[in-house]
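Down below is the structure, laid out as structure tokens.
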Ligand SMILES: NC(=O)c1ccc[n+]([C@@H]2O[C@H](COP(=O)([O-])OP(=O)(O)OC[C@H]3O[C@@H](n4cnc5c(N)ncnc54)[C@H](O)[C@@H]3O)[C@@H](O)[C@H]2O)c1
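In the numbering used here, the protein residues as written are -15 to 247.
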């Protein structure tokens, strides 16, 4: 692959790198020359990159992971806070304290611990990229736990960006639309797939590498003046309604002047 945005020699950690979007980020980073450590509860299928078994909801494990990478490689340049669980369809009728707690422990506490300990270890130029979601930007039914956790990721990204800017670290987030990963395709007759196909302006789901490509840019030197940004990679679904059926009012003609109905 002939890739722009070299990451030659960069020391990167990708949480949730064993599957889906995370695995696509790992593949892209390796192709761009980075040395990658995968931090996941489960091991990766292949033998690309180092693997450290990590539960991101456990602060001690996250701290040990990042300290370990820094002491093995002498630096930590890039952290991708990608690990997440996706309990959609949890309404206010059905939400329980355990679903709420676990979703926030992984998706919100995990990202917070990653930012806290990576920023302690990174030098000027360090990059932190968090995986949010389009449902963190838009309210959705059944988003009680998941969408709220991703809205928190967006706000954590902005808070961290302003706190860490003076130290030369950038913090950004990607807000993917519905992406073809095991978390989505592994659910039999997943209604989210049909929903996304009809409602996404581009008319299709995204591929993991389309998200990884945006992460790759944000991790590169070329993104040096980008911080606190939330980048949708969603086929347009967060841009607005893809259908808004209105008829043209009588007093407006497509090419002509405005005709005041009172005159
Ligand atoms: N697939 C989508 O449509 C979509 C859309 C928007 C956002 N996202 C977000 O993208 C990220 C990746 O999602 P995916 O679709 O690739 O999911 P996935 O289930 O394919 O991969 C998630 C990975 O995270 C790991 N993981 C889960 N909990 C963990 C924990 N506590 N500690 C360490 N690792 C853990 C899993 O083992 C898995 O390898 C998630 O944060 C998800 O919320 C996904």
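Backbone N, C-alpha and C fix where the C-beta goes; we use that ideal spot for every residue, glycine too.
What you are looking at is a predicted structure, and each value in this text was computed from that prediction instead of being measured.
Give me, in chain order, the residues of the same chain whose beta-carbon lies closer than 8 Å to that of residue 129; leave out the 5 immediate sequence neighbours on both sides.
The answer, listed in chain order, is 71, 74, 79, 83, 84, 87 and 88.
Ignoring anything shorter than 4 residues, give me the alpha helix (DSSP H) runs that lie fully in the segment 128 to 195, in order along the chain.
For the segment 128 to 195, whole alpha helix (DSSP H) runs of length 4 or above, ordered along the chain, are 130 to 148, 166 to 169 and 175 to 183.
What is the DSSP secondary structure of residue 77, counted as helix, strand or coil?
If DSSP states are grouped into helix, strand and coil, residue 77 belongs with coil.
For residue 92, report the span of its beta strand (DSSP E) as first-last.
That residue, residue 92, is in no beta strand (DSSP E); it is neither H nor E in DSSP.
Give me the DSSP bridge partner(s) of residue 261.
For the chain, the structure presents residues -15 to 247; residue 261 sits outside this window and is missing.
Using a 10 Å radius around the Cβ and a threshold of 16 neighbouring Cβ atoms, would you call residue 169 buried or exposed?
That one is exposed.
Using a 10 Å radius around the Cβ and a threshold of 16 neighbouring Cβ atoms, would you call residue -10 buried or exposed?
So residue -10 counts as exposed.
Among the candidates 173, 113, 231 and -5, whose CA atom is the shortest distance from the CA of residue 55?
If we check each option's Cα against that of residue 55, -5 comes out closest.
Pull up the distance between the alpha-carbon of residue 205 and that of residue 77, whole angstroms please.
When rounded, the distance between both Cα atoms is 47 Å.
Apart from the five residues just before and just after residue 63, which ones in its own chain have a Cβ nearer than 6 Å to its Cβ?
Taken in chain order, the residues that qualify are -3, 98, 102 and 112.
Residue 134 to residue 93, Cα distance in whole Å?
Using only the alpha carbons, I get a separation of about 11 Å.
I'd like the list of long-range same chain contacts for residue 16, defined as Cβ closer than 7 Å, with 5 residues on each side in sequence excluded.
Within the same chain, residue 16 has close Cβ partners -13, -11, -10, -9 and 200.
Apart from the five residues just before and just after residue 140, which ones in its own chain have a Cβ nearer than 8 Å to its Cβ?
Within the same chain, residue 140 has close Cβ partners 92, 95, 96, 99 and 114.
Could you name each continuous beta strand (DSSP E) segment of 3 residues or more that falls completely within the segment 28 to 68, going from the start of the chain to the end?
For the segment 28 to 68, whole beta strand (DSSP E) runs of length 3 or above, ordered along the chain, are 34 to 37 and 62 to 65.
Is it a yes or a no for the segment 30 to 41 touching the segment 219 to 229, going by three-plus beta-carbon pairs under 8 Å?
Segments in contact, no.
Counting Cβ pairs, one atom from each stretch, are 3 or more of them under 8 Å apart for the segment 182 to 193 and the segment 207 to 220?
Counting Cβ pairs under 8 Å, three or more are found: they touch.
Going by DSSP, name the residue or residues bridged to residue 114.
Residue 114 pairs with 65 and 157.
Taking DSSP as the reference, what is the three-state secondary structure of residue 4?
Three-state DSSP puts residue 4 in a helix.
Grouping DSSP H, G and I as helix and E and B as strand, with all else coil, what is residue 217?
Residue 217 falls in the strand class under three-state DSSP.
Taking the CB atoms as reference points, tell me whether residue 138 and residue 198 lie closer together than 8 Å.
Not in contact: residue 138 and residue 198 (Cβ atoms no closer than 8 Å).
Just tell me which of 148, 116, 175 and 108 has its CA closest to the CA of residue 126.
Ranking 148, 116, 175 and 108 by Cα distance to residue 126 puts 175 first.
Could you tell me which of 150, 177 and 151 sits nearest to residue 161, measuring between CA atoms?
Checked all of 150, 177 and 151; the closest Cα to residue 161 is 177.
Taking the C-alpha atoms as reference points, what is the distance between residue 202 and residue 173?
If I take the Cα positions, the gap works out to 34 Å.
Would the beta-carbon of residue 162 be found less than 7 Å away from any heavy atom of ligand 1?
Yes, since a heavy atom of ligand 1 falls inside the 7 Å radius drawn around the Cβ of residue 162.
Round the Cβ separation of residue 154 and residue 210 to the nearest angstrom and send it over; I've been treating them as touching at under 8 Å.
6 Å between Cβ atoms; contact.
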